[in-house]
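See below for the structure under consideration.
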Amino acid sequence: MKAEPILVVRHVSKSFGNCQVLDDVSFSLSRGEMVGLIGASGSGKSTLIRTIAALTPIDREKDKGAPCSIHLFDQAIQKNGCVTRAAAGLRSRVGVVFQQFNLVPRLSLLMNVCLGLLGRMSVIPATFGYFTQDQKVSAMTALKRVGIAEHALKRGSQLSGGQQQRAAIARTLVQNAEIIIADEPIASLDPSSARRVMDILADLNKRDNITVLVSLHQVEYAMRYCPRTIALKGGKIIYDGPSSALTPEFLSALYGAESEELFLPPIESYAATIQTGAKSMPDAAVANGHLAALDQQRAAINGARHLNS
7 MKAEPILVVR
17 HVSKSFGNCQ
27 VLDDVSFSLS
37 RGEMVGLIGA
47 SGSGKSTLIR
57 TIAALTPIDR
67 EKDKGAPCSI
77 HLFDQAIQKN
87 GCVTRAAAGL
97 RSRVGVVFQQ
107 FNLVPRLSLL
117 MNVCLGLLGR
127 MSVIPATFGY
137 FTQDQKVSAM
147 TALKRVGIAE
157 HALKRGSQLS
167 GGQQQRAAIA
177 RTLVQNAEII
187 IADEPIASLD
197 PSSARRVMDI
207 LADLNKRDNI
217 TVLVSLHQVE
227 YAMRYCPRTI
237 ALKGGKIIYD
247 GPSSALTPEF
257 LSALYGAESE
267 ELFLPPIESY
277 AATIQTGAKS
287 MPDAAVANGH
297 LAALDQQRAA
307 INGARHLNS
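Per the numbering used here, the very first residue in the sequence shown carries number 7; after that it's consecutive.
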């Protein structure tokens, strides 16, 4: 029996002036899913993430027979061009992770994570940034979960990019988010840090049943971590299905000239990471077989690209 949807997007469009960025986008996510969102640069991924986070209003409906809305937890957060009042009350249940790390540079890592509690605090403590001992313990627990508790007293400005992104994920943990929406969270990270961040998201999905929607530029991560993938092109959904069913020909058509960037160059470092004993990694034999298959797909994509050129 399929789980009830936690997120429902219906006939969502978004334009900026004469530029149509999203065009009649509809899909739903069930509780506990981990879904990759892929597409070439400018396909509308970031705009879609921002509309789901109620940070960017959607367009008003053009066709009266197709009402446009976004529902989270059975409540409309956007409807017919307006962000609803319900959105503010639901924000504490939604963790948003951006490509930019959005930490306060002068605050300690611990205090940056505590900021995730503001949506659940009363006005006066939230205004003055007063956190109780229990709240600080909760933040430390979240930092331990993402593997950076030893840096708790460092300022945000002293952390590496991978550490800052893990801090952003820890912030979603202290707010008890039921769904994490991540907009290219690994785009600016080195391959090792990127895999660590994706491992953490996958672990939260499997162990805590947190729904994850993650926008990714390199499709290899979607195939590796997300059972389901949604593909955008020109603001439209052109694929929504199993990641394992993505073909080289489809990916070449989806990304065009960007298809050369679909796969990660340092494949060897992935196998090396497995051998270090990371808990959420498959064993080396399985991983090496998967890497060989990915190498074959890379070659097939390059061949398809040359045939289409």
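Positions of the beta carbon are idealized from the N, C-alpha and C atoms, including for glycine.
None of these values were measured; they are calculated from a predicted model.
In summary, residue 150 is exposed, with fewer than 16 beta-carbon neighbours lying within 10 Å of its beta-carbon over all protein chains present.
In this structure, residue 29 sits near residue 241, with a CB-CB distance shorter than 8 angstroms.
Sequence-distant partners of residue 245 (beyond 5 residues in either direction) whose C-beta falls short of 6 angstroms from its own C-beta, in its chain, are 237. Within the stretch 173–235, the runs of alpha helix (DSSP H) at least 4 residues long that lie entirely inside it are, in chain order, 197–214, 225–231. With a 10 Å radius around the Cβ and a threshold of 16 neighbouring Cβ atoms, residue 156 comes out exposed. Bridge partners of residue 74 according to DSSP: none are assigned. Here residue 221 is actually not in contact with residue 196; their C-beta atoms are around 19 angstroms apart, not less than 8 angstroms. Where residue 119 is concerned, the enclosing alpha helix (DSSP H) starts and stops at 115–120. The C-beta of residue 136 has fewer than 16 other C-beta atoms within 10 Å across all chains shown, which makes the residue exposed. In the structure shown, the three-state DSSP call for residue 63 is coil. Bounds of the alpha helix (DSSP H) holding residue 260 are 254–261. Per DSSP, reduced to three states, the secondary structure at residue 41 is strand.
Counting along the chain, residue 54 sits inside no beta strand (DSSP E); it lies in the alpha helix (DSSP H) bounded by residues 51–58. Judged by beta-carbon spacing, residue 191 lies within the 8 angstroms limit of residue 103, meaning their Cβ atoms are closer than that value. Residue 166 has its alpha-carbon roughly 12 angstroms from the corresponding atom of residue 174. Inter-residue distance for residue 215 and residue 68 is about 37 angstroms (C-alpha atoms, whole angstroms). Looking at the DSSP output, residue 13 sits in a beta bridge with 35, 78. Taking the C-beta atoms as reference points, residue 179 is found no nearer than 8 angstroms to residue 158. Cβ-Cβ separation between residue 116 and residue 145: approximately 6 angstroms, consistent with a contact (criterion under 8 angstroms). A check of alpha carbon separations from residue 74 across 122, 33, 207 identifies 33 as the nearest. Taking every protein chain shown into account, the CB of residue 94 has fewer than 16 other CB atoms within 10 angstroms, so this residue is exposed. In the same chain as residue 11, and ignoring 5 residues on each side of it, the C-beta atoms closer than 6 angstroms to its own belong to 34, 36, in chain order.
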